[in-house]
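Residue numbers (our numbering): 731 to 893.
Even glycine gets a Cβ: it sits at the ideal position worked out from N, Cα and C.
These numbers were taken from a predicted model, which means no experiment stands behind them.
Only one structure is covered here, and it is reproduced in the block below.
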Amino acid sequence: ELLKLAKYIQGMTIGTNTLFIVNHRIDIMLAADADGIHLGWQSLPAETVRKLAGPDKIIGISLHSPEEVRKTNNNIDYIILSPIFCTPSKEKLLLPLGISTLKEAVSITSIPIIALGGINESNLKPVFDSGASGAGFIRAVFQAKNIEEQIYKLKKIIQKYKD
731 ELLKLAKYIQ
741 GMTIGTNTLF
751 IVNHRIDIML
761 AADADGIHLG
771 WQSLPAETVR
781 KLAGPDKIIG
791 ISLHSPEEVR
801 KTNNNIDYII
811 LSPIFCTPSK
821 EKLLLPLGIS
831 TLKEAVSITS
841 IPIIALGGIN
851 ESNLKPVFDS
861 GASGAGFIRA
871 VFQAKNIEEQ
881 IYKLKKIIQK
891 YKD
């Protein structure tokens, strides 16, 4: 079922400016010919994934500290660092890193870092001022009354900070 869904999603991205990244499952990524894979703490090591995926696939990883960022090697194309701010999904698991830790992580790697966790339109500026390459949103989008309008609003804010 997962492979069927992945192939369907990959088909939807053809001819668009959209990347399809599969979470954790290299078998599904390869079988569906997705653009890349996102790794977590239970995934195969990045070195193994790079050998299996080849040089053209995008490989990202979720990390939670500058120490983890230091250990990351060039087999990774991007890092998602979280949680930057308080967020219910990590509340009992991880303390928020904050902007100073985000800055530290950005300073020790050339790999693009995307900040995640409790990010919304009111705290985007310090995220980008820290040097983060991007920001991810969950609650800021899915709790909006009008999701499409919220995405448009966030995109405009991001473009302002990235220009």
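Are there 16 or more other CB atoms within 10 angstroms of the CB of residue i, so buried, or fewer, so exposed?
i, result
"P818", "exposed"
"P856", "buried"
"K875", "exposed"
"I849", "buried"
"M742", "exposed"
"I877", "exposed"
"Y770", "Note on residue identity: the sequence assigns Gly, not Tyr, to residue 770. The residue is exposed, with fewer than 16 neighbouring Cβ atoms inside 10 Å."
"L732", "exposed"
"F872", "exposed"
"P907", "The chain is shown only over 731 to 893; residue 907 falls outside these bounds and no answer can be derived."
"P796", "buried"
"L832", "buried"
"L735", "exposed"
For residue i, collect the residues of the same chain with a Cβ closer than 6 Å to its Cβ; drop the 5 residues on either side in sequence, then sort them by chain order.
i, result
"I887", "E851 and L854"
"T839", "V799"
"G866", "I844 and L846"
"L749", "D765"
How about residue i and residue j: are their beta carbons less than 9 Å apart?
i, j, result
"L811", "L827", "yes"
"I788", "I814", "no"
"I806", "I829", "no"
"V752", "I744", "no"
"T802", "I756", "no"
Quick one: what does DSSP say residue i is sitting in, helix, strand or coil?
i, result
"G766", "strand"
"I881", "helix"
"I739", "helix"
"S792", "strand"
"I843", "strand"
"A870", "helix"
"A865", "strand"
Starting from the C-beta of residue i, find all residues in its chain whose C-beta is less than 7 Å away, skip the five residues before and the five after it, and write them out in chain order.
i, result
"V836", "I843, S860, G861 and A862"
"E834", "P796"
Starting from residue i, trace the beta strand (DSSP E) both ways and give me its first and last residue.
i, result
"L774", "Looking at the DSSP string, L774 is not in any beta strand (DSSP E), and its letter there is neither H nor E."
"L811", "Y808 to L811"
"I751", "I751 to N753"
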